[in-house]
Each structure stands twice: as structure tokens, then as C-alpha cells.
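Structure first, then comments.
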Amino acid sequence: MITKDITLPSYEELTVQEVNISTPYLRAGAFHLGKMCENQNNEYMLCRKEENDPRKCINEGKEVTACALNFFRQIKNSCLEEFNQYANCLDKSSKDFEYRHCRNTQAVFDKCVLDNFGIERPDFGYFCRPKVHQTTRPKPEETPIEFPGATEPIPPPPPPGSKAAYGTRFHFIQ
Amino acid sequence: MATHTQDLPPKGGYSPINFKRIPARSYFSGLHIFIGYGIATAIGSYAYYHTHKVIKKEEIEMRSGEFALLPLLFAERDRAFLKQVRANREEEEKLMANVEGWETGTYYGEPIYKTVPKNKLIDPIIQEFYAHGPSKALTRQAFFSSWV
Numbered sequence: 001m002i003t004k005d006i007t008l009p010s011y012e013e014l015t016v017q018e019v020n021i022s023t024p025y026l027r028a029g030a031f032h033l034g035k036m037c038e039n040q041n042n043e044y045m046l047c048r049k050e051e052n053d054p055r056k057c058i059n060e061g062k063e064v065t066a067c068a069l070n071f072f073r074q075i076k077n078s079c080l081e082e083f084n085q086y087a088n089c090l091d092k093s094s095k096d097f098e099y100r101h102c103r104n105t106q107a108v109f110d111k112c113v114l115d116n117f118g119i120e121r122p123d124f125g126y127f128c129r130p131k132v133h134q135t136t137r138p139k140p141e142e143t144p145i146e147f148p149g150a151t152e153p154i155p156p157p158p159p160p161g162s163k164a165a166y167g168t169r170f171h172f173i174q
Numbered sequence: 001m002a003t004h005t006q007d008l009p010p011k012g013g014y015s016p017i018n019f020k021r022i023p024a025r026s027y028f029s030g031l032h033i034f035i036g037y038g039i040a041t042a043i044g045s046y047a048y049y050h051t052h053k054v055i056k057k058e059e060i061e062m063r064s065g066e067f068a069l070l071p072l073l074f075a076e077r078d079r080a081f082l083k084q085v086r087a088n089r090e091e092e093e094k095l096m097a098n099v100e101g102w103e104t105g106t107y108y109g110e111p112i113y114k115t116v117p118k119n120k121l122i123d124p125i126i127q128e129f130y131a132h133g134p135s136k137a138l139t140r141q142a143f144f145s146s147w148v
């Protein structure tokens, strides 16, 4: 169903270096990553929601991936040991990487990130809250769909209180 | 000759039948039981309330962590999706090159959607997305939630 009229980006446009790390490590860095790349993430998610088309948000998506890659590189340079320890704890403590089992290693990792990057760990529900994002990208215009040959819409009902044109069916009410 | 003696009650008569009711010893009165129930429920509710708050907090934290990662995962997945869609189209062009009257993405020139704009990308159904790959890829993806 993908016709030739549909423009698709080329493979070169779509190929960037991906973040090739496993789930425990992603989960371990999630909060600081979300805080550090908040602007890019919000921009991308807003674009995705507004445009409803993956083709139009490729550049925003690339920025998200680049920011995440940069974050994990920085972590690798500065806090590798603490990060590994925390991710290892998450991995081995529960089946779905629950944070509650690993508060000690988490505190060590948080302190390292705070000392090196100055990023404080956001509170527990920070990313669940709705956010207002300021963007320079114009809002896409919605074009109403036209249906040729469609029936005319039903005329609006008369305003309340007006008299019925043909009276009522029951003469005793009048 | 053996003498017959009649079977009679013992001398002095039978002992009296004990028909007097002996109720179980009661430790609590009804009022005390009600009060105890109330206290136990109150303590339990208090403990439940606090545990519930902690559990909800932990659930929110887990969800928050997932939300923080979503943009990264979506970005990667969108690119992979577009790559695969492009590969599918090229594969179809190659496959149907010798079929007369065949137009890619349509059934001999008849499109699926007539009212949508020409350039609109609508997600293909999953069978079509995996049409040119091994069936294992389709089953793995389509029934992922069944076997995971």
C-alpha cells in the first residue's frame, strides 16, 4: 500500500548511530537522561503528537538520539563504576527493574552525577506530569476532508422558545 | 432349675439425668467484640493506607522512568519503521516488475484509500509490513505479547 506518490526518506537520512545499550542500563540512567535531554525529548514528542507522521519528525528524533548518546558517553567517562553498579543491582534484584530495591546504589550514582554534571535526580513522578513546551516549530494546519457528492448537512434546529411552524399534533395542547 | 430374675433398675434408682445446659465460658461480651473489631479495622486501615501510598509512589516512579526513555525508543523505532517501509516498497517493485499493469502500492492501479491525500503515510497492517520477510519475523512480532 506504500505507493510511489508517498515520499520516504532515504536510508542515509535515517541512519545515525543508535544507543546500543541494554535495558537495565537504560533504566538506570533514565531519570538523569530525561532531565538532561528534556528539551529535545519534549520537542520530539510534541512533533510526533502534532504531525502524526514519522517522516516529519526525523530531525527531532536524531537530536533525541544524539543527546542520549552524549549523555551515556559522559556517564561512561565520569561515573562508569557507579553506573554499572546501579544497573547491575536493577538487573538482578527484580524481574522488571524496579527502582525500590536499589536505593543504596542509586544514592551513590545520584551523588556522582550531581558532582560531575550538576544534574539532580528529578522527583519520582517528574516525567508523569504534563508539561508545557515552548517551540519554534509552527503548528501544522488541519485541512478538513472534503467529500464530493456528500448529502447536505441537517439544518440546525430552531432556537428554543420559537413557535412551531405547523402547530402541534394534539389540538388540546394549543 | 435356673431362677429367672427380672432386669430391674439398680438399687436406689438411676442417677438423675443431666439435662441442665452448661454454656461455654464467655471471655468477651458482645460490646467488647464490636470494640475489638473496630480497633483492629482501624489499625489495619491505617497500615493499608500508608502501604498503599508507598506502593503507588513506586508505581509512579516506574512509569516515570519509562516515560523518560520513551522519546529515545520512539525515535529509534520510527527510523527503523521508515527504513523497513522503504525496503518493502523496493522489494515489491522488484518482485512485480514483470507483471503487466501492476502499480506498486495499489491493486492494478486501484488504491486502498481514495479520499486521503496522495502523500499521506498510513501505517500498513502488520501482515503487509512483514510480507517480504520470513514468517518467523511476523509471528515473533505479532504474538510477542503471547510468549514473552
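Residue numbers (the UniProt record's numbering), protein chains in the order written: chain H, 1 to 174; chain P, 1 to 148.
Built from N, CA and C at the ideal position, the CB exists for glycine as well.
- In this structure, residue 76 of chain P keeps its C-beta atom at 8 angstroms or more from the C-beta atom of residue 38 of chain H.
- Around the CB of residue 30 of chain P, fewer than 16 other CB atoms lie within 10 Å, so the residue is classed as exposed.
- For the region 95-128 of chain H, the set of positions with a beta-carbon nearer than 9 angstroms to some beta-carbon of chain P reads 96, 97, 98, 99, 100, 122, 123, 124, 125, 126, 127 and 128 in chain order.
- If you draw a 10 Å sphere on the C-beta of residue 112 of chain P, you find fewer than 16 other C-beta atoms in it, and that means exposed.
- From the listed residues P:18, P:105 and P:74, the smallest Cα separation to residue 6 of chain H is found for P:105.
- For residue 107 of chain P, the pairing in a beta bridge is given by DSSP as P:110.
- Per DSSP, residue 108 of chain H is one residue of the alpha helix (DSSP H) stretching across 103-117.
- Residue range 30-95 is occupied by the alpha helix (DSSP H) that includes residue 60 of chain P.
- Around the beta carbon of residue 64 of chain P, 16 or more other beta carbons sit within 10 angstroms, so the residue counts as buried.
- Contact between residue 127 of chain H and residue 67 of chain P holds: CB atoms are separated by about 4 angstroms, below the 8 angstroms threshold.
- Contact of residue 27 of chain H with chain P is assigned, a C-beta pair being separated by under 8 angstroms.
- Within chain H, the residues placing a beta-carbon under 7 angstroms from that of residue 62 of chain P are 98 and 99, ordered along the chain.
- In the displayed model, residue 91 of chain H falls within a helix according to three-state DSSP.
- When DSSP states are grouped into helix, strand and coil, residue 171 of chain H belongs to the helix group.
- Separation of the CB atoms of residue 60 of chain P and residue 125 of chain H is rounded to 5 angstroms, and the pair is thereby assigned contact status at 8 angstroms.
- Under the Cβ criterion of 8 angstroms, residue 53 of chain P is not counted among the residues facing chain H.
- Considering only beta carbons, the part of the region 73-107 of chain P lying closer than 7 angstroms to chain H consists of 74, 75, 76, 78, 79, 81, 82, 83, 85, 86, 88, 89, 104, 105 and 106, in chain order.
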